[in-house]
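Asker: Under our numbering, residue 1376 is the last one in the sequence shown; the count climbs by one each step, no gaps. First the structure, then my questions, so here it is.
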Amino acid sequence: MSTQLLRSLPALHREGAYVGITSVCSAHPDVIRAALSLARAMGQPVLIEATCNQVNQDGGYTGMTPSGFRTFVETIADKTGFDRSNLILGGDHLGPNPWKNLPAEQALDKARQMVAAYAEAGFEKIHLDCSMGCKGEPLALDDEATAARAADLCSIAEAHSSTEPVYIIGTEVPVPGGALEEVKHLQVTSPDAALTTVDIHRHAFVARNLQAAFDRVVGLVVQPGVEFGNQNVVGYVPEGAQVLSASLTRMPNLVFEAHSTDYQTLEALSALVRDGFSILKVGPGLTFALREAFYGLDLIAAELDNMTQQLKPAMEALMQAEPGYWANYYPGSPDEQRIQRHYSYSDRIRYYWSHPTAQKAVRELFARLGDRPLPETLISQHLAIAWPEVMAGLTEPNASSLVSSSISRTLRRYATACGRMDL
């Protein structure tokens, strides 16, 4: 069973085994390919998740339904030789969020349709998140309302799933995907708040005859004190989360799920797993690494062809022409916004890579570079972090290998922290 690792995480933590799993939250094919290739080499399961805004019954911003996303990932798995039985698909923040501008019952009806679609597509990990208010409601709902709506959606998942999915409950603060401003202080979830969330959800599930489903709740989303803004990262401070971590002894069948762990160091990620934050979600950090590789290759191609950069100007023109994905998220002067469009930790440029204009620009870059070995000196100059791997023979000095290694480097950090490999 592909979810066996997820189900075993609470027991492993109780036994003192520092084991976790990386949740890859991306729909970029290069990211998914790198994740599957690394997992195949490790002989380990891989968890790939889609969010409610990214993939839903209406297509989301990727244009994919849950069944379409499964086909998309499985096609890449087959091409990379990854065993489908080791693939875990998850749905993140499943609830009314995409439709929260509608009255509650309309938004919840859309959420029910979405959860049914995820369940029918065989997603094995479901994060139920109904914490947000809908039209005419408070911005954030209380625990009772949140839990009642989550139980309602759980009943839909149970009715439409051919397997027995595992569930995640709770939500994090700030909002998923990174904060909009510089982050200076974070409030770690209190143990009382965590315990109350679990208790109220348990009662809501039992009230709907969903005790068996609640027994498959393996994780609680909390705020361990990690976050990233557009230009800064708040690193994990174990001392600040000691009391929260200790509360897991009162929730023996659960671990914590940590969101927004992008850009944390290996030491911080390892400490999170040690402290019971056994599910580590990463998304923008992977496409940030992808963009770094693309832009490094753009500079190498410019040197080789004695031309100016081609990809970066094309992306700038695209984002200026279609500002919807960044304009409300990048404050500051025009120059500050220009820098953030390309280099923000929030990595909102990731929404543009599937655009036909961006895809054409990337294809042209790879056509210019081809499969030829790139000069080590230019790799050292423009992709310096890859140079030691190239010199050691671990990464081929060509464009496709350099992109893959950039993403895999981040994934290996997570795998090491999760006890999945020793690098």
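Beta carbons: idealized from backbone N, C-alpha and C, even for Gly.
Quick check on Ser976: does DSSP put it in helix, strand or coil?
Answerer: Position 23 of the sequence shown, counting from 1, holds the residue named residue 976. In the three-state reduction of the DSSP assignment, Ser976 falls in the strand class, which pools E and B.
Asker: Which residue's Cα is closest to the Cα of Asp1386: Leu1000, Asp1168, Trp1052 and Gln1010?
Answerer: The structure shown has nothing for residue 1386, since the chain only spans 954 to 1376.
Asker: Among Gly1249, Pro1287 and Ile1121, which has the Cα closest to the Cα of Leu1331?
Answerer: Within the sequence shown, residue 1331 is the residue found at index 378, counting from 1. Comparing Cα positions, the closest option is Gly1249.
Asker: By a C-beta neighbour count over all protein chains shown, 10 Å radius and 16 as the cutoff for buried, is His1212 buried or exposed?
Answerer: Start at 1 with the first residue of the sequence shown, and residue 1212 comes out as number 259. Flag for His1212 reads buried.
Asker: Assuming Leu1264 and Met1204 are in contact, meaning their beta carbons sit under 8 Å apart, how far apart are those beta carbons, in whole angstroms?
Answerer: Here residue 1264 refers to the residue found at position 311 when the sequence shown is read from its first residue. Here residue 1204 refers to the residue found at position 251 when the sequence shown is read from its first residue. Not confirmed; about 48 Å, so no contact.
Asker: DSSP state of Val1179, grouped into three classes?
Answerer: Along the sequence shown, read from residue 1 onward, the residue named residue 1179 stands at position 226. In the displayed model, Val1179 falls within coil according to three-state DSSP, outside both helix and strand.
Asker: Taking DSSP as the reference, what is the three-state secondary structure of Thr1004?
Answerer: For the purposes of this step, residue 1004 is taken as residue 51 along the sequence shown, with counting starting at 1. The answer is strand: DSSP assigns Thr1004 an E or B state.
Asker: Report all residues from its chain with a CB closer than 7 Å to the CB of Arg967; omit the five preceding and five following residues, and keep chain order.
Answerer: In the sequence shown, the residue the question calls residue 967 occupies position 14. Once the five neighbours on either side are set aside, the close Cβ partners of Arg967 are Pro1205.
Asker: In three-state terms, what does DSSP make of Pro1129?
Answerer: In the sequence shown, the residue the question calls residue 1129 occupies position 176. In this predicted model, Pro1129 has a pLDDT of only 43, less than 50, meaning its place in the structure is not dependable; the value taken from the coordinates is given anyway. Reduced to three states, the DSSP call for Pro1129 is coil.
Asker: Can you give the Cα-Cα distance for Val1356 and Phe1158, rounded to whole angstroms?
Answerer: Numbered from its first residue, the sequence shown carries residue 1356 at position 403. Numbered from its first residue, the sequence shown carries residue 1158 at position 205. If you take the alpha carbons of Val1356 and Phe1158, they lie about 45 Å apart.
Asker: Quick check: the region 1109-1117 against the region 1061-1077, are there 3 or more CB pairs under 8 Å?
Answerer: Note that the region 1109-1117 touches the region 1061-1077; at least 3 beta-carbon pairs, one per stretch, sit closer than 8 Å.
Asker: Return the first residue and the last residue of the alpha helix (DSSP H) that His966 is part of.
Answerer: Within the sequence shown, numbered from 1, the residue matching residue 966 stands at position 13. Annotation: the continuous alpha helix (DSSP H) that includes His966 extends over Gln957 to Arg967.
Asker: Please confirm whether Cys1005 and Gly1236 have their CB atoms less than 9 Å apart.
Answerer: In the sequence shown, residue 1005 corresponds to position 52, counting from 1. In the sequence shown, residue 1236 corresponds to position 283, counting from 1. The beta carbons of Cys1005 and Gly1236 sit no closer together than 9 Å.
Asker: State yes or no: is the C-beta of Thr1142 within less than 9 Å of the C-beta of Pro1177?
Answerer: Here residue 1142 corresponds to residue number 189 of the sequence shown, with the count starting at 1. Here residue 1177 corresponds to residue number 224 of the sequence shown, with the count starting at 1. In this structure, Pro1177 lies closer than 9 Å to Thr1142 by Cβ.
Asker: Where does the unbroken alpha helix (DSSP H) through Lys1265 begin, and where does it stop?
Answerer: In the sequence shown, counting from the first residue as 1, residue 1265 sits at position 312. Leu1264 to Ala1274 is the span of the alpha helix (DSSP H), which, as asked, contains Lys1265.
Asker: Is the region 1260-1280 touching the region 1292-1312, taking contact as three or more C-beta pairs under 8 Å?
Answerer: Short answer: they touch.
Asker: Check this for me: beta carbons of Lys1063 and Gly1086, under 9 Å apart or not?
Answerer: Counted from its first residue, the sequence shown places residue 1063 at position 110. Counted from its first residue, the sequence shown places residue 1086 at position 133. Cβ atoms of Lys1063 and Gly1086: not closer than 9 Å.
Asker: Take every Cβ of the region 1243-1263, pair it with every Cβ of the region 1328-1348, and state whether three or more of those distances are shorter than 8 Å.
Answerer: yes
Asker: How long is the line joining the alpha carbons of Cys1107 and Gly1044, rounded to whole angstroms?
Answerer: In the sequence shown, counting from the first residue as 1, residue 1107 sits at position 154. In the sequence shown, counting from the first residue as 1, residue 1044 sits at position 91. Each residue's alpha carbon lies about 13 Å from the other.
Asker: Val1343 lies in the beta strand (DSSP E); which residues open and close that run?
Answerer: The sequence position of residue 1343 within the sequence shown is 390, counting from 1. No beta strand (DSSP E) contains Val1343, which is instead part of the alpha helix (DSSP H) from Trp1340 to Met1344.
Asker: Please name the residue, chosen from Ile1079, Asp1228 and Ile1153, that lies closest to Pro1191 on a Cα-to-Cα basis.
Answerer: In the sequence shown, residue 1191 corresponds to position 238, counting from 1. The candidate whose alpha carbon is nearest that of Pro1191 is Asp1228.
Asker: Three or more C-beta pairs closer than 8 Å, one from the region 1170-1185 and one from the region 1281-1297: is that the case here?
Answerer: yes
Asker: Using a Cβ-Cβ cut-off of 6 Å (strictly less than) and excluding sequence neighbours within five positions of Tyr971, which residues of its own chain qualify?
Answerer: As a first step, residue 971 is located in the sequence shown; it is residue number 18 there, counting from the start. Only Val1226, Arg1227 and Gly1372 meet the Cβ criterion.
Asker: Could you tell me whether the region 1212-1224 touches the region 1317-1331, where touching means 3 or more Cβ pairs closer than 8 Å?
Answerer: no
Asker: Just to confirm the assignment: which complete alpha helix (DSSP H) runs, minimum length 4, are found wholly within the region 1055-1087?
Answerer: 1057-1073
Asker: Would Ile1029 pass as a contact of Pro998 if the rule is Cβ separation under 9 Å?
Answerer: Mapped onto the sequence shown, residue 1029 falls at position 76. Mapped onto the sequence shown, residue 998 falls at position 45. It is not a contact, given that the beta carbons lie outside the stated cut-off.
Asker: Tell me, to the nearest whole angstrom, how far the beta carbon of Glu1077 is from that of Ser1231; I am working on the premise that it is less than 8 Å.
Answerer: The sequence position of residue 1077 within the sequence shown is 124, counting from 1. The sequence position of residue 1231 within the sequence shown is 278, counting from 1. Rounded, the Cβ-Cβ distance is 17 Å, inconsistent with contact.
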